[in-house]
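Asks: Heads up, the sequence shown is in numbering that gives the first Met the number 0, so the first residue is 0 and it goes up one at a time.
Dumping the structure here so I can ask a few things about it.
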Amino acid sequence: MKSLEHAPAGSRRMVAAVLAATAALGGATTTATASSADGPRTVRTAVTAPSPGNDHDEDAALAKSAEVDIKRAAETAEKSVAGTVTAADLDGSPDKPVWKVDVTDSHGTEHEVTVNATDGKVTATRTDKDQSPEDRSADAALAKSARTDLAKAVDAALAEVDGTATSAGLENDHGTTPAWRIDVTNLKDRNKDHEVTVDATTGKVTATRTDEDSGRNADDRAGAGRLLV
């Protein structure tokens with residue numbers, strides 16, 4: 000990369016802004032035009048961001064290493080903290096997978112329970128102390144409105160698509176009917192993951208989205224990160 004050490008301050012600020020935007024987009028060759036006392040100057044900067052890797056392969060590796068499924072993790076979390084499970088995500092690494100389970104109690108306070116995905120034991124519990132009264136009220140109402148719990152929602156999703164549920168979240172966007180968003184990783188087809196929407200009132204699948212790009216290498220998407228200033 001060409002040194003910017005002697006560039007005017009205005010040019011450095013412009014390039015810094017371009018670099019930040021480029022990094023956010025995943026890396027690209029960037030051309031920026033900045034003004035100086037001698038007139039407009041063009042600064043070309045090639046930025047190569049580290050590859051984020053293959054999301055599907057990472058999810059699949061976690062799913063294969065987890066001996067405890069999402070339903071058992073949710074059940075364990077609810078036994079640890081009284082309330083309603085509103086989200087669960089498979090996290091950690093293949094050699095130490097964990098479930099992060101959100102439990103909303105009757106007052107609307109959120110608790111994050113960490114469940115070891117190998118032996119099913121609770122390893123940590125954290126309470127969200129930054130919730131506002133409005134958020135607690137909304138979260139309590141959302142948890143109460145769900146007639147279909149996580150386990151039933153996951154069963155509905157897996158009856159619709161083949162795979163392993165790696166995350167689930169209860170949502171109520173813009174005052175609509177509460178729904179579960181279930182992410183399902185297909186261990187047989189490395190190019191397809193699914194997001195299944197389950198109505199939290201009726202328990203029926205209302206939408207299925209297949210992510211056929213999940214197995215692509217980051218280099219295939221590099222063109223999307225090009226920025227011209």
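Note that beta-carbon positions come from the ideal geometry of N, C-alpha and C, so glycine has one too.
On a predicted model such as this, the values are computed, not experimentally measured, just so you know.
Which word fits Thr122, buried or exposed, when buried means at least 16 other C-beta atoms lie within 10 angstroms of its C-beta?
Replies: Along the sequence shown, one-based indexing puts residue 122 at 123. Exposed, by the Cβ-count rule.
Asks: In its own chain, which residues sit with a C-beta less than 7 Å from the C-beta of Gly162, not counting the 5 before and 5 after it?
Replies: Position 163 of the sequence shown, counted from the start, is the residue given in the question as residue 162. Contacts found: Val183, Thr184, Asn185, Leu186, His193.
Asks: Between the C-alpha atoms of Val153 and Ile181, what's the straight-line distance to the nearest angstrom?
Replies: Reading the sequence shown from its first residue, position 154 is the one you call residue 153. Reading the sequence shown from its first residue, position 182 is the one you call residue 181. Roughly 7 Å separates the two Cα atoms.
Asks: So who's on the other strand from Asp192, going by DSSP bridges?
Replies: Position 193 of the sequence shown, counting from 1, holds the residue named residue 192. Per DSSP, Thr184, Asp210.
Asks: Is Thr113 near Lys99, with beta carbons less than 8 Å apart?
Replies: As a first step, residue 113 is located in the sequence shown; it is residue number 114 there, counting from the start. As a first step, residue 99 is located in the sequence shown; it is residue number 100 there, counting from the start. Against a cut-off of 8 Å, the Cβ pair of Lys99 and Thr113 comes out as a contact.
Asks: If you follow the alpha helix (DSSP H) that Lys78 is in, where does it begin and where does it stop?
Replies: For this step, residue 78 is matched to residue 79 along the sequence shown. Here the alpha helix (DSSP H) through Lys78 covers 69-79.
Asks: Exposed or buried, which one is Ser92 when buried takes at least 16 other CB atoms within 10 Å?
Replies: Translated into the one-based positions of the sequence shown, residue 92 becomes position 93. It is exposed - the Cβ of Ser92 has fewer than 16 other Cβ atoms within 10 Å.
Asks: Between which two residues does the alpha helix (DSSP H) containing Asp134 stretch?
Replies: Locating residue 134 in the sequence shown gives position 135, counting from the first residue. Asp134 -> alpha helix (DSSP H) spans 132-144.
Asks: Near Ala59, what residues of its chain come up, given a Cβ to Cβ distance below 6 Å and the 5 sequence neighbours on each side ignored?
Replies: Counted from its first residue, the sequence shown places residue 59 at position 60. Hits under 6 Å: Thr184, Leu186.
Asks: Given that a residue counts as buried once 16 or more other Cβ atoms are within 10 Å of its Cβ, and exposed if not, what is Arg208?
Replies: Here residue 208 refers to the residue found at position 209 of the sequence shown. So Arg208 counts as exposed.
Asks: Just verifying my parser: in three-state terms, what is the DSSP assignment at Val160?
Replies: Position 161 of the sequence shown, counted from the start, is the residue given in the question as residue 160. Three-state DSSP puts Val160 in coil, outside helix and strand.
Asks: Would you say the stretch 66-82 touches the stretch 195-203, given that touching needs at least three Cβ pairs under 8 Å?
Replies: Contact between the stretch 66-82 and the stretch 195-203 is absent, because fewer than three Cβ pairs lie under 8 Å.
Asks: Please state the DSSP three-state secondary structure of Glu111.
Replies: Working through the sequence shown from its first residue, we reach residue 111 at position 112. The answer is strand: DSSP assigns Glu111 an E or B state.
Asks: Residues in the same chain with beta-carbon distance under 6 Å from Ser64, minus the five sequence neighbours each way, listed in chain order, please.
Replies: Here residue 64 corresponds to residue number 65 of the sequence shown, with the count starting at 1. Once the five neighbours on either side are set aside, the close Cβ partners of Ser64 are Pro93, Pro96.
Asks: From Ala155 to Val204, what does the alpha carbon distance come to, in whole angstroms?
Replies: Here residue 155 corresponds to residue number 156 of the sequence shown, with the count starting at 1. Here residue 204 corresponds to residue number 205 of the sequence shown, with the count starting at 1. Cα to Cα, Ala155 sits roughly 7 Å from Val204.
Asks: Is it true that the CB of Gly168 sits closer than 8 Å to the CB of Ala86?
Replies: Locating residue 86 in the sequence shown gives position 87, counting from the first residue. Locating residue 168 in the sequence shown gives position 169, counting from the first residue. Yes, these two residues count as a Cβ contact at 8 Å.
Asks: With Arg125 and His106 assumed to form a contact (beta carbons below 8 Å), what rounded beta-carbon distance in angstroms separates them?
Replies: As a first step, residue 125 must be located in the sequence shown, where it is residue number 126. As a first step, residue 106 must be located in the sequence shown, where it is residue number 107. Incorrect: roughly 16 Å between the Cβ atoms, too far for contact.
Asks: What's the gap between the Cα of Lys247 and the Cα of Pro132?
Replies: Residue coverage of the chain in this structure runs from 0 to 228, which leaves residue 247 outside it and unanswerable.
Asks: Terminal residues of the continuous beta strand (DSSP E) containing Ala86?
Replies: Position 87 of the sequence shown, counted from the start, is the residue given in the question as residue 86. Taken as a continuous stretch (DSSP letters only), the beta strand (DSSP E) holding Ala86 covers 83-92.
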